[in-house]
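Each remark here refers to the structure printed beneath this line.
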Amino acid sequence: DQQVKQNSPSLSVQEGRISILNCDYTNSMFDYFLWYKKYPAEGPTFLISISSIKDKNEDGRFTVFLNKSAKHLSLHIVPSQPGDSAVYFCAADMYSGGGADGLTFGKGTHLIIQP
Amino acid sequence: DAGVTQSPTHLIKTRGQQVTLRCSPISGHKSVSWYQQVLGQGPQFIFQYYEKEERGRGNFPDRFSARQFPNYSSELNVNALLLGDSALYLCASSPRVDEQYFGPGTRLTVT
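First to last, the protein sequences are chains S and W.
What the first sequence shows, in our numbering, is residues 120 to 234, in sequence order.
What the second sequence shows, in our numbering, is residues 3 to 113, in sequence order.
In structure tokens form, the structure reads like this:
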């Protein structure tokens, strides 16, 4: 049973436009959420995170929104650039549990930025 | 600063064999976690070690074991390899719970 779901395996967006990647979770014990970006032949790279006490966190072109009641989060990238083409993973953690259960990842969304 | 390093980069093993994967964390990081990423899936948590002690374990059989050394480097061992163990094995180090820095991974192929 997947606790973190990314229902779009791929997403194609034109350069300069907004990219919106979505993620749903089922475990209400999750209280910390992260987005990672992965290029081929490299490990995942941390992008941005959000605690469950917030509903928005921004870092430059990246903004993560959290809707706890819907158990949904989204990553917005504005404007999208060719270097953003990668696989994006949503991950969740039980921070209050000390993180000893590790991160729970979704299957990823392959973002393709079209010139 | 050097990132997380893993060795080897690739290896091929036969069913029933044993394999050892190695990870060196970022300097100053005392926690190391291991993840398995099967093709088409997200990484799945295997172990977390902190100060040489196992702090957490994912839903993996006892064929998987790990340890952390006094210099905080870590090894992941898998015994009695199965075809289904073919995956990218990722190591992540962290200074604290919420930041995990991943290495490039070891690609294991079991034939």
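C-beta: ideal position from N, C-alpha, C; glycine also.
- Residue-chain proximity (Ala205(S), chain W), Cβ-Cβ < 7 angstroms: For the purposes of this step, residue 205(S) is taken as residue 86 along the first sequence, with counting starting at 1. It does not: the Cβ of Ala205(S) has no partner Cβ on chain W nearer than 7 angstroms.
Query raised in the report: Using 7 angstroms as the limit for Cβ to Cβ distance, is Leu23(W) near chain C?
Result: As a matter of chain content, chain C is missing from the structure shown, whose protein chains are S and W.
Notebook entry, point to check: Exposed or buried, what is Ser188(S) when buried is set at 16 or more other beta-carbons lying within 10 Å of its beta-carbon?
Noted result: Within the first sequence, the letter at position 69 stands for residue 188(S). Ser188(S) is exposed by the Cβ-count criterion.
* To do: Measure from the alpha carbon of Leu90(W) to the alpha carbon of each residue in Phe208(S), Ala160(S), Ala211(S), then state which is nearest.
  => What you label residue 90(W) is simply residue 88 of the second sequence in a count that begins at 1. Among Phe208(S), Ala160(S), Ala211(S), the Cα nearest to that of Leu90(W) is on Ala160(S).
So, does the CB of Ser88(W) fall closer than 7 angstroms to a CB anywhere in chain S? Sequence index remark: in the second sequence, residue 88(W) carries index 86 (1-based). Closer than 7 angstroms: no.
Quick one: is Lys226(S) near chain W, going by C-beta distance under 7 angstroms? The residue labelled residue 226(S) in the question sits at position 107 within the first sequence. Judged by the 7 angstroms Cβ criterion, Lys226(S) is in contact with chain W.
Review point. Thinking C-alpha only, which one of Leu78(W), Ala94(W), Phe71(W), Ala68(W) is nearest Leu110(W)?
Key: Within the second sequence, numbered from 1, the residue matching residue 110(W) stands at position 108. Answer by Cα proximity: Leu78(W).
Exercise for review: Run down chain S in chain order and give the residues with a C-beta less than 7 angstroms from the C-beta of Ser35(W).
Suggested key: As a working note, residue 35(W) is residue 33 in the second sequence. In chain order: Gly221.
Roughly how many angstroms lie between the CA atoms of Val39(W) and Arg57(W), to the nearest whole one? The residue labelled residue 39(W) in the question sits at position 37 within the second sequence. The residue labelled residue 57(W) in the question sits at position 55 within the second sequence. Note that residue 39(W) is Gln in the sequence shown, not Val. In a straight line, the C-alpha of Gln39(W) is about 21 angstroms away from that of Arg57(W).
| task | Label His12(W) either buried or exposed according to how many other C-beta atoms from any shown protein chain fall within 10 Å of its C-beta, with 16 as the threshold for buried. | result | Mapped onto the second sequence, residue 12(W) falls at position 10. So His12(W) counts as exposed.
### Leu181(W) in three-state terms, based on DSSP
Examination of residue 181(W) is not possible in this model, given that chain W is present from 3 through 113 alone.
### Task
Return the residue from the list Thr16(W), Pro10(W), Ile14(W), Gln20(W) that minimises the CA-CA distance to Ser1(W).
Outside the shown range of chain W (3 to 113) lies residue 1(W), about which nothing can therefore be said.
- Tell me the start and end of each unbroken beta strand (DSSP E) in the segment 150 to 188 of chain S that is at least 3 residues and wholly inside, in chain order. 151 to 157, 164 to 170, 175 to 178, 181 to 186
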